[in-house]
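Chemist:
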Amino acid sequence: MAPIFHGLNDTAMDELLQRASIKSYRRGETLFMQGDPADAFFVVIEGWTKIYRITQSGDEAVVGVFTRGQSFAEAAAFTNGQFPATGETVTDSRLLRVPSQQLVEILGKAPEIGLAMLASTSQHLHMLIKQIEQLKAHTGAQRVAEFLLSLTNAKAGACILELPYDKALIAGRLGIKPESLSRAFQKLRGYGVTVKQNLAHIDNLTVLQDLVDQERAVVMQQKR
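Here's what the structure looks like:
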């Protein structure tokens, strides 16, 4: 169950999903554009979706990347406002689309849905705060190392990880340029990480975690 639905009873769930629909999307399909009326929020069933804004210089600034069980755009739908960014599928995907009109109509009947929306929005806020912290306090190699570690639940030993989306999006997600991502991968070779196409071979996860911890300490000390 998606975290946004946690705490909802069966009646509230039925009310919320009564007019919801599940739709399949091809890679690269636009879900909504920045400035469009926020007429729905989404939950990822399969695949990956990115949310991004276009900067004044024309660059794409990735706000978030979401996968199975995660929701997005609920804050905009909750306020019945406009989408503050653009949504686009990164891979072939299946999404649950919940119309905002349905949400507004049932809030009076099931106030716990509003609480669920607030909790989900709070989670997104914490995620953004963490991203800002990474941008300010972490080196490129550390960001990439943390990203790789986030793809597995294992804590030690060797593993092979499949990169969930292309390297250009990884760079955007981590707030670095593609050439900086390449340099970060090059540096990580010295710590037992080899990237071939969309697979990352890691000799020892503990070594990678130690690198993250050491670089964090160095960067934070330099900022004092």
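Residue numbers (my numbering): 328 to 551. From the three backbone atoms N, C-alpha and C, an ideal C-beta is built for every residue, glycine too.
If you count every other CB in all the chains shown that lies within 10 Å of the CB of A483, and 16 or more means buried, which is it?
Modeler: Here residue 483 refers to the residue found at position 156 when the sequence shown is read from its first residue. Its Cβ having fewer than 16 others within 10 Å, A483 is exposed.
Chemist: So the alpha helix (DSSP H) I503 belongs to, where does it begin and stop?
Modeler: Working through the sequence shown from its first residue, we reach residue 503 at position 176. Looking at the DSSP string, I503 is not in any alpha helix (DSSP H), and its letter there is neither H nor E.
Chemist: Is K504 closer than 8 Å to A511 when the C-beta atoms are compared?
Modeler: Against the sequence shown, residue 511 aligns to sequence position 184. Against the sequence shown, residue 504 aligns to sequence position 177. No. Outside cutoff.
Chemist: How many angstroms separate the CA atom of F405 from the CA atom of R346?
Modeler: In the sequence shown, counting from the first residue as 1, residue 405 sits at position 78. In the sequence shown, counting from the first residue as 1, residue 346 sits at position 19. Straight-line Cα distance between these residues: approximately 16 Å.
Chemist: To the nearest angstrom, report how far apart F474 and K494 are at their CA atoms.
Modeler: Locating residue 474 in the sequence shown gives position 147, where the first residue counts as 1. Locating residue 494 in the sequence shown gives position 167, where the first residue counts as 1. Cα-Cα distance, rounded: 12 Å.
Chemist: CB L422 to CB Y352, shorter than 8 Å?
Modeler: Position 95 of the sequence shown holds residue 422. Position 25 of the sequence shown holds residue 352. Closer than 8 Å, so yes.
Chemist: Short check: CB of A365 to CB of P426, under 8 Å?
Modeler: Position 38 of the sequence shown, counted from the first residue, corresponds to residue 365. Position 99 of the sequence shown, counted from the first residue, corresponds to residue 426. Going by C-beta atoms, A365 is not nearer than 8 Å to P426.
Chemist: Hey, would you say the C-beta of R510 is under 7 Å away from at least one heavy atom of the ligand GDP?
Modeler: Among the ligands in the structure shown, none appear at all, so the ligand GDP cannot be discussed.
Chemist: Need the endpoints of the beta strand (DSSP E) that F369 sits in, please.
Modeler: Along the sequence shown, one-based indexing puts residue 369 at 42. Element bounds for F369: A367 to E373.
Chemist: With a Cβ-Cβ cutoff of 8 Å, do T376 and T413 count as a contact?
Modeler: On the sequence shown, position 49 is the one that residue 376 refers to. On the sequence shown, position 86 is the one that residue 413 refers to. Not closer than 8 Å, so no.
Chemist: If we count the other Cβ atoms within 10 Å of its Cβ and call it buried at 16 or more, is T338 buried or exposed?
Modeler: Within the sequence shown, numbered from 1, the residue matching residue 338 stands at position 11. Burial call: exposed.
Chemist: What residues in its chain sit with their C-beta under 8 Å from that of V539, if we drop five residues either side in the sequence?
Modeler: Within the sequence shown, the letter at position 212 stands for residue 539. Same-chain partners within the cutoff: Q469, A472, E473 and L476.
Chemist: Within 10 Å of its beta-carbon, does R395 have 16 or more other beta-carbons around it, so buried, or fewer, so exposed?
Modeler: The count along the sequence shown starts at 1 and reaches residue 395 at position 68. Flag for R395 reads exposed.
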